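Worksheet: one structure, shown below.
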Amino acid sequence: MTDKFEVLAQAAHLSGVERIVNAPLPTVYGDFQAVGFLDHDRGEEQVALVYGEVGDLGGAGGDAAKEGVLARLHSECLTGDAFGSTHCECGDQLAAALRAIVAEGRGVLVYLRGHEGRGIGLLAKLQAMKLQSEGLDTVEANLALGLPVDARDYGVAADILHDLGVRSVRLLSNNPRKREALQRHGIKVAEQVPLLIPPCAENITYLRTKRERLDHFLPHLDAVASHRS
């Protein structure tokens, strides 16, 4: 009986990410391995889509670690990823990243659940979108709701990459905070690869705000701005 209580106590105090399952995932982009993780610290389920040889799918780390793996940390966005919202570029970025990884021949996309609305949650994001429709920008909307501008934590993404044996990445991102976060958590960023999506009328203001107030690298907006000014 004592042994049983000790096992239960240990399970209750697990921390970090635990790899639960590897499963083949054929997609319209190519055939991936979906690697499922449980984040014990936040109680969230996470998934990494792995294409080709990126590291170690049989165990954590070790000599199988690869250098300069093309990687994308993709924050969950129900409205963009699933519903095709043109308020943001998230859905197009997701598709473009998966295509780029397949074209590269190897890579990993870490799909970060719990990052909805830069970490404020779905309902709060919808409230922020309503405020944006009334004239506030994406930063002002979050602050008006008494919420942080960006509450995302990329530590779990670094833990997943470590578990997969990935120590060095070419990061598909326009966001300098992702690069800085990975480096803080021991993942070398050999290169930051822009993931530029052509803007549309519905998201140009949002994208300009990301460039001007959140330091995203979006040089392709210059042509649009000059064309419409």
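The opening residue of the sequence shown carries number 21 in my numbering; numbering runs sequentially from there. Every residue, glycine too, gets a C-beta built ideally from N, C-alpha and C. All values derive from a computational prediction rather than experimental measurement.
* For the ligand NAP, is there a heavy atom less than 8 angstroms away from the beta-carbon of LEU156? -> With respect to the ligand NAP, the structure shown offers nothing to examine, as it has no ligands at all.
* **CB contact flag (TYR49, VAL122, <9 angstroms)** => The answer is yes: Cβ separation under 9 angstroms.
* Cα-Cα separation between PRO214 and GLY141, rounded to whole angstroms -> CA-CA distance, PRO214 to GLY141, rounds to 26 angstroms.
* Quick one: what's HIS94 bridged to in DSSP? -> Answer by DSSP bridge pairing, in chain order: TYR131.
* Taking buried to mean at least 16 other C-beta atoms within 10 Å of its own C-beta, is ARG204 buried or exposed? -> Exposed, since its Cβ has fewer than 16 Cβ neighbours within 10 Å.
* To do: Over the uninterrupted alpha helix (DSSP H) stretch that includes ASP61, give me the two end residues.
  => Secondary structure note for ASP61: it is in no alpha helix (DSSP H), with a DSSP letter that is neither H nor E.
* Ignore the nearest five residues each way along the sequence and tell me which others in LEU241's own chain have a CB closer than 7 angstroms to its CB. => Here LEU241 has PRO219, LEU227, ARG228, ARG231 as same chain residues with Cβ atoms under 7 angstroms from its own Cβ, once five neighbours each way along the sequence are excluded.
* Per-residue burial, ARG248 [other beta carbons within 10 Å of its own, 16 or more giving buried] -> Any reading at ARG248 must be qualified, since the residue scores a pLDDT of 40, below 50, and its modelled position is unreliable; the value itself is stated next. In this structure ARG248 is exposed. Its beta-carbon is surrounded by fewer than 16 other beta-carbon atoms within 10 angstroms.
* Among VAL128, PRO239, VAL176, which one has its Cα closest to the Cα of HIS60? -> Comparing Cα positions, the closest option is VAL176.
* **the region 156–165 in contact with the region 85–103 per 3-pair CB rule at 8 angstroms** => No: the two stretches stay apart, fewer than three of their Cβ pairs being nearer than 8 angstroms.
* **Backbone secondary structure at ASP235 - three-state DSSP** => Three-state result, ASP235: coil.
* **ASP274, buried or exposed, once every other Cβ within 10 Å from all chains shown has been counted against 16** => Residue 274 falls outside the range modelled here, since the chain spans only 21 to 249, and no answer is possible.
* Whole-angstrom C-beta distance between SER188 and VAL89, which should lie under 8 angstroms -> For VAL89 against SER188, the beta-carbon gap comes to about 7 angstroms, under 8 angstroms, which counts as contact.
* To do: Please go through the same chain and pick out, in chain order, the residues whose beta-carbon is closer than 7 angstroms to the beta-carbon of GLN147, but skip the five residues on each side of it.
  => Cβ contact annotation for GLN147 (same chain, cutoff 7 angstroms, sequence separation greater than five): LEU165, in chain order.
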